[in-house]
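Before any comments, here is the structure.
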Amino acid sequence: MGTRATTPERGNSRLPWSRLLVYSVRSWKLLHRSEESYPNKRVPARVLHAPLDIQGGKRLKRNKRNMKAKQPQARTKSCPLVLFNTFTRRREVFTSLKPDEVKLFTCGPSIYRRPHLGNYRTFLYEDVLERYLEYRGNTVHRVIVVTDVEDKAIEEAATEGLSVKDLTDRNVEQFRAECDRLGIKLPDVISRASTSIESAVTLIEKLMEKGIAYRHGDDIFYDPLKYPGFGELFGLDMSNWPKERRRYAQDTYNGNRWNLGDFIVWHGYKEGDLVGWETRIGKGRPSWNVQDPAMCVEKLGYEIDIHCGGVDNLYRHHDYNRAIVEGITDREFCHYWLHGEHVIVDGTKMSKSLGNVLYLDHMDERKITAREVRFMLIYGYYRDKLNVTDALIDDRVAMIRGIRESIASLLSGRKQPPADLPERAEIVIDEIPLLFETAMNDDLHVADAVDSVKTALGELVSLTDGRPLPKDDAARLESNLRSIDTVLGSLFEP
1 MGTRATTPER GNSRLPWSRL LVYSVRSWKL LHRSEESYPN KRVPARVLHA PLDIQGGKRL
61 KRNKRNMKAK QPQARTKSCP LVLFNTFTRR REVFTSLKPD EVKLFTCGPS IYRRPHLGNY
121 RTFLYEDVLE RYLEYRGNTV HRVIVVTDVE DKAIEEAATE GLSVKDLTDR NVEQFRAECD
181 RLGIKLPDVI SRASTSIESA VTLIEKLMEK GIAYRHGDDI FYDPLKYPGF GELFGLDMSN
241 WPKERRRYAQ DTYNGNRWNL GDFIVWHGYK EGDLVGWETR IGKGRPSWNV QDPAMCVEKL
301 GYEIDIHCGG VDNLYRHHDY NRAIVEGITD REFCHYWLHG EHVIVDGTKM SKSLGNVLYL
361 DHMDERKITA REVRFMLIYG YYRDKLNVTD ALIDDRVAMI RGIRESIASL LSGRKQPPAD
421 LPERAEIVID EIPLLFETAM NDDLHVADAV DSVKTALGEL VSLTDGRPLP KDDAARLESN
481 LRSIDTVLGS LFEP
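Quick note, the sequence shown lines up with residues 1 to 494 if you use the working numbering.
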């Protein structure tokens, strides 16, 4: 969106025109960067050649159906934010449906267990996105969903001898506390699936009215072949419908007409079930697949700007979410899909069986603060896997501590009277926000943003021969850095 309205004084008049020209060229390159920069990303032919409105980054037509795509309001952006849209497999200029407002839906934790650092990396890139959108002057309407009605939670509650509510309440409180420590913004009210049963029932009724969902016994299933756009997000070729039963193992039920791909949207109540609600469609509970769209529609409506989650949600779950909403509306549900990659440990997937699952507690034991953990997890590029090793932890903790030491050294003269400063030093102070924004506008590339700030701080230390900045210059630098830290949340300890 637009340049941040409340940006602190940046002294742009000090910047030479040649420097401003460089930023303009960089901004143009963000949009036109070759996809070769992102190896190993699938680019289905159908999506690669989808017609685009380049300025708005919207798919105006679908190959398989005639959708009523809403044209976003055109806005002139001197410094556009470019995001990689998983649906199109393309980098697109971000334009929201309404100027300066963004509807953002983010998947929260499945709280049958406490979140680990891999989960928090996903929540942190979503947090950085929200904060950067606000930094650019947007009002962000965000919904984060806690899945407290699912098979795993029911099984875990039975194992621990707890009610599902007691189990999920405990884990939600721990999630809230750890998010607070990590500096992750949460809505005042976290949406829980158990509070949106009526919304889920309404969606299921609409799907049944359109013949897309059908009843099988006490359960209700979604028939993908009734929805022409099914599988487009993940990249399934529906003309070559997958025959391997393993592909849909968790949603396969013998005896159903299309059991290779139909997915459940309503679990009918069975004797012994720990959870169930009396509703218009019978007693039971909504499936995981319908809970997210139900809460999204309830809080944000049938059309949103951005949908975020981990790359694991791209397979099935987000396609299901999309199919449920668009099956009802016949129009585009979400305009930008973002997916973050996994955290692995020493080159291996985290798993309880291997005993390598990392929690925030493990970092506490190493005397690493939560904000240093935040830096460790956001430094990099959210679409790349993060391989956590002892060496990486030590390197990133040392990096953020070094950055803070440079900041403290430069700002330690804030009470000194004004003094002469090399012209180049004044330029560096003023260009720090622009360097930061240029990198962040490149699909939230936090590592590049931090590196540019780190380099600028190093140059300032060199230009001042390690001495503190004079009062006015120190105040200007601190203002710029604190503005940036509303996004990074790591440069200063709270």
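Even glycine gets a Cβ: it sits at the ideal position worked out from N, Cα and C.
CA-to-CA distance, residue j to residue i, given in whole angstroms
i: S412; j: R136; result: 30 angstroms
i: D394; j: K367; result: 11 angstroms
i: D465; j: V446; result: 28 angstroms
i: N387; j: E372; result: 17 angstroms
i: G498; j: K471; result: The structure shown does not extend to residue 498, since the chain is modelled only from 1 to 494, so the question has no answer here.
i: R362; j: C296; result: Correcting the residue type first, residue 362 is His in the shown sequence and not Arg. Roughly 34 angstroms separates the two Cα atoms.
i: H335; j: I306; result: 6 angstroms
i: K152; j: Y112; result: 6 angstroms
i: V102; j: L124; result: 18 angstroms
i: E365; j: W277; result: 43 angstroms
i: L477; j: L457; result: 10 angstroms
i: L491; j: F375; result: 9 angstroms
i: Y227; j: S287; result: 19 angstroms
i: R176; j: L186; result: 8 angstroms
i: L392; j: G118; result: 15 angstroms
i: V164; j: F230; result: 33 angstroms
i: D166; j: T348; result: 33 angstroms
i: L104; j: I304; result: 7 angstroms
i: E173; j: R467; result: 46 angstroms
i: A475; j: D430; result: 12 angstroms
i: L182; j: I427; result: 33 angstroms
i: K210; j: V345; result: 46 angstroms
i: Y214; j: G340; result: 34 angstroms
i: S452; j: I432; result: 8 angstroms
Endpoints, alpha helix (DSSP H) assigned at residue i
i: A197; result: Rather than Ala, the amino acid found at residue 197 in this sequence is Ile. It spans 197-209 - the alpha helix (DSSP H) in which I197 sits, taken as one unbroken run.
i: F175; result: 164-182
i: Y214; result: Element bounds for Y214: not the alpha helix (DSSP H) but the beta strand (DSSP E), 213-216.
i: I484; result: 471-488
i: E130; result: 117-135
i: S462; result: 446-463
i: L300; result: 288-300
Outcome for residue i when other beta-carbon atoms lying within 10 angstroms are tallied against a minimum of 16
i: Y315; result: exposed
i: E405; result: exposed
i: D148; result: buried
i: G310; result: buried
i: R131; result: buried
i: T76; result: Because the pLDDT at T76 is just 32, under 50, the model does not fix this residue reliably, and the point stays unresolved.
i: T168; result: buried
i: R424; result: exposed
i: D420; result: exposed
i: S199; result: buried
i: P494; result: exposed
i: R331; result: exposed
i: G380; result: buried
i: D180; result: exposed
i: L434; result: buried
i: L207; result: buried
i: R280; result: exposed
i: E155; result: exposed
i: A398; result: exposed
i: T106; result: buried
i: S196; result: buried
i: E92; result: buried
i: L48; result: Legend: pLDDT at L48 = 29, less than 50; position of this residue unreliable, value from coordinates given subsequently. Exposed, because fewer than 16 other Cβ atoms sit within 10 Å of the Cβ of L48.
Proximity to residue i [Cα-Cα], best of the options
i: Y98; options: P80, H141, P115, R131; result: Reading off the sequence, residue 98 comes out as Lys, not Tyr. The option with the nearest alpha carbon to K98 is H141.
i: D100; options: E134, T369, H317, G380; result: E134
i: V82; options: I190, D330, L338, H342; result: L338
i: V357; options: T369, T389, G327, T329; result: T389
i: R383; options: T369, G347, C308; result: C308
i: L300; options: D218, A177, V143; result: V143
i: G261; options: I281, D237, L421, E271; result: D237
i: E437; options: E303, L481, K349; result: L481
i: G327; options: R121, E205, S96; result: E205
Residue i, enclosing beta strand (DSSP E) - first and last residue
i: V149; result: Counting along the chain, V149 falls outside any beta strand (DSSP E), and DSSP gives it neither H nor E.
i: I220; result: 219-222
i: S239; result: Looking at the DSSP string, S239 is not in any beta strand (DSSP E), and its letter there is neither H nor E.
i: T86; result: Looking at the DSSP string, T86 is not in any beta strand (DSSP E), and its letter there is neither H nor E.
i: D262; result: Premise fails: D262 is in no beta strand (DSSP E) and is neither H nor E.
i: S540; result: As displayed, the chain neither begins before 1 nor continues past 494, which places residue 540 out of reach and without an answer.
i: F105; result: 101-110
i: C308; result: 304-310
i: R91; result: 90-93
i: E278; result: 277-279
- request: Please specify which runs of the alpha helix (DSSP H), each continuous and at least 4 residues long, are wholly inside the segment 353-428, giving them in chain order.
  value: 360-365, 370-378, 390-411
query: Curious, which full-length beta strand (DSSP E) runs of at least 3 residues does the segment 312-342 contain?
result: 334-340
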